[in-house]
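The structure under discussion appears below in the form of structure tokens.
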Amino acid sequence: MIFTNASTTTSWWICIFLCAGFFVNPDQTSAQFSRNADSLFAKGEWQDAALEYERRIYSGGDAVERTHALLGKAECLKQSGDYVGAFKTIARVPYSEISDSLMVISRFQAALVSYLDRDFNQAHSELLQMTFFAKDSMLYRETLFLNVLVLNEQRKWSEAKLIAQKMVLWSVAPLAIKDSLLQIVNTTYNELNYPKLKDKDKAIKWATFLPGSGHIYAGYTGEGIMNLTLQVASLGFIGYHIYISHFVSAFTIGSGMFQHFYFGGINRVQFLVDKRNYINNRKFNDPVKDMVVGIQMFLYK
-10 MIFTNASTTT
0 SWWICIFLCA
10 GFFVNPDQTS
20 AQFSRNADSL
30 FAKGEWQDAA
40 LEYERRIYSG
50 GDAVERTHAL
60 LGKAECLKQS
70 GDYVGAFKTI
80 ARVPYSEISD
90 SLMVISRFQA
100 ALVSYLDRDF
110 NQAHSELLQM
120 TFFAKDSMLY
130 RETLFLNVLV
140 LNEQRKWSEA
150 KLIAQKMVLW
160 SVAPLAIKDS
170 LLQIVNTTYN
180 ELNYPKLKDK
190 DKAIKWATFL
200 PGSGHIYAGY
210 TGEGIMNLTL
220 QVASLGFIGY
230 HIYISHFVSA
240 FTIGSGMFQH
250 FYFGGINRVQ
260 FLVDKRNYIN
270 NRKFNDPVKD
280 MVVGIQMFLY
290 K
């Protein structure tokens, strides 16, 4: 179940802006690319530029030139919102034939588009491969912030805290500034501040044996009372029609109503738990995301 809000969407575009400097600008490698693709890219004509980069990829060149062209096409697709297409394009990068620095850029871009597509497991996988294969950790220190954001979305806040600390410690900032930023990170990632998540299995059990209680557990008391009331009313309908000897109505209409509200209530509880957990995550993750992005821009501007 996916829920979105304006804050999340805004932060994605902040992320794109922040990562622009970590993309190989086609203007800086114009000797390697077709000038037509560079010109279209500079004008923001993403679709046409992507086609020109693809043409450049198939026209030959060494692994470095092909990688730059692939990154150029991926950037066009990313800017146009086609994150899946961008990821598939970066997946064609010949990693075994390029330098560590270019590998880091490519893996980072793959992780970024996966993050923007909300495929956090894939984003995490790309970042893990980047750190595993890069011989020098200084090559990817500017990418650590994305790792923090991904881990936050995976609800791995203790791991995110460690990476956020590395992001500060590996910078070239003065010691006093590092100490101040570390204090902010440690305070933010205090376990007491972590989102309180609801257990879906527990909510289902409550809803199964005590109608309405699962809704209340998920934080929706009004819905819980309403669900309980409807189920009691259904049972009352069945009892009344049995009392007046309308057995067919009791066991068709009444039974159907009760099953609808009973099983519908259980299904509704699962949705409400997901919704509540999403809201609780956003209350923590969104402000933390702004903090992490702010630290990144301050340390690695």
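Going by the numbering used here, the first residue of the sequence shown is number -10, and it counts up by one from there. Think of the CB as a built atom: it goes at the ideal place given N, C-alpha and C, for glycine as much as any other residue.
Quick check on DSSP: helix, strand or coil for residue i?
i     : result
I231  : helix
G33   : coil
T(-1) : Note that T(-1) scores 44 on pLDDT, short of 50, meaning its location in the model is unreliable; the coordinates nonetheless yield the value given after this. Reduced to three states, the DSSP call for T(-1) is helix.
Q98   : helix
Q154  : helix
P276  : helix
A39   : helix
Q111  : helix
I87   : coil
G70   : coil
A123  : coil
D263  : helix
A58   : helix
S169  : helix
K191  : helix
L219  : helix
T82   : The identity of residue 82 in the sequence shown is Val, whereas the question assumes Thr. Here V82 sits in coil by DSSP.
K77   : helix
Y251  : helix
W159  : coil
G201  : coil
V281  : helix
A52   : helix
G208  : coil
D106  : coil
R271  : helix
Q118  : helix
L140  : helix
L292  : Coverage of the chain is limited to positions -10 through 290, which leaves residue 292 absent and any answer about it impossible.
Quick check on this structure: which residue in the options has the alpha carbon closest to the alpha carbon of residue i?
i    : options                : result
V262 : G225, H204, K290, F252 : H204
E131 : G74, S103, V157, F250  : V157
Y104 : T78, L91, L140         : L140
N270 : L117, S126, K145       : K145
G225 : G283, I242, G213       : I242
S160 : K32, L29, R24, F287    : F287
I87  : V102, G50, G70         : G50
R44  : G61, G33, I231         : G61
K185 : R81, S48, K272         : K272
Given a cut-off of 8 Å, decide if residue j and residue i are closer than it, judged by their beta-carbon atoms.
i    : j    : result
S95  : T120 : no
F250 : L219 : yes
Y42  : A52  : no
D89  : L128 : yes
A58  : I79  : no
A63  : M92  : no
W195 : Y183 : no
K155 : L138 : no
S202 : G213 : yes
K191 : V174 : no
K187 : R257 : no
F30  : C65  : yes
L170 : I284 : yes
Q111 : S69  : no
L281 : A153 : Residue identity check: residue 281 is Val in the sequence provided, not Leu. Their beta carbons are under 8 Å apart, which means V281 touches A153 by this criterion.
L181 : P200 : no
What residues in its chain sit with their C-beta under 7 Å from that of residue i, if we drop five residues either side in the sequence?
i    : result
E142 : F109, N274
Q259 : K189, I193
V277 : N141, T177
T197 : I255
A38  : A26, L29, F30, C65
Taking 7 Å as the cut-off, is the CB of residue i close to at least one heavy atom of the ligand NAP?
i    : result
I233 : This structure lacks the ligand NAP; in fact it carries no ligand of any kind.
Using a Cβ-Cβ cutoff of less than 6 Å, which residues in the same chain neighbour residue i once the five nearest sequence positions on both sides are dropped?
i    : result
Y289 : E131
K292 : The chain is shown from -10 up to 290; residue 292 falls before or after that span and cannot be answered.
L116 : A100, N136
Quick one: residues in its chain with C-beta nearer than 8 Å to the C-beta of residue i, no 5 flanking neighbours on either side, listed in chain order?
i    : result
D106 : Y72, V73, F76
P83  : A52, R55, T56
Q118 : R96
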